[in-house]
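Residue numbers 12 to 196, in this note's numbering, belong to the letters of the sequence shown in order. Following: one structure in structure tokens, then a few remarks.
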Amino acid sequence: MNPEWNIRACTGQCTACEKKFADRESLMSRLRFTADGYQRDDFCAACWAGRPAGEEEVSAWAAVWHAPEQKAPEALKKETAESLLRELMETDDPSRRNVIFILAVMLERRRILVEKEVQIQPGGLKIRVYEHKQTGEGFIVPDPQLRLKEIESVQREVMDLLGIPAPGTPAAVSSAPSAEETSHD
């Protein structure tokens, strides 16, 4: 009968001093056999040099710790953008037409809404007809024909309504991982 191998991955901290490994820190790992089976121990350089002699190791190796990538918060929560679009469409507030249009485009890019038709009314107003991919609901969204210089301010308004900090604000900067924290070789 084959013995069962159940060797855990590196926990990210030194077995001896319990110091957490820094990203790209060199470490030493060993495998030894105990009464409970194989056990992996990971050591920082200082603790590896000072470990007690006489403990039998089945294997030992050098490694480099790569801190797990911090997942950036999802820029757009589907439910929030969709519920905001529904809420604004129910109010039928003309001052929110730009926001409604940007939300519809965002949801189209996320493949939640599918553009089914573009109608041009006699006055030249474009009406975009979207269909919700899962529910089949129809959304009729007037296209405000935004100019490039207007889009940024509307996007900021949408971000405010969704509770997403604008890029460059202290909240956005502090929550975003730096390139050094997340880059891996």
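Backbone N, C-alpha and C define an ideal beta-carbon position, used for all residues, glycine too.
The alpha-carbon of Arg121 is positioned some 24 Å away from that of Lys160. When only Cα atoms are considered, Pro176 and Ser164 end up about 14 Å apart. Counting the other Cβ atoms within 10 Å of the Cβ of Phe44 gives fewer than 16, which makes it exposed. The continuous beta strand (DSSP E) containing Gln50 extends over residues Gly48 to Phe54.
By the Cβ rule, the region 150 to 158 counts as touching the region 111 to 120, because three or more pairs are nearer than 8 Å.
DSSP links Trp59 through a beta bridge to no other residue. With 16 or more other CB atoms across the displayed protein chains lying within 10 angstroms of its CB, Val169 is buried. Taking the CA atoms as reference points, Val75 sits about 6 Å from Glu36. Of Gln132, Leu157, Ala115 and Cys58, the smallest CA-CA separation from Leu124 is found for Ala115. In the DSSP assignment, Ser164 falls outside any beta strand (DSSP E) and lies within the alpha helix (DSSP H) extending over Leu159 to Leu173. Residue nearest to Val69 within the set His77, Ser40 and Leu95 is Ser40 (criterion: CA-CA distance). For Phe112, the enclosing alpha helix (DSSP H) begins and ends at Arg108 to Arg120.
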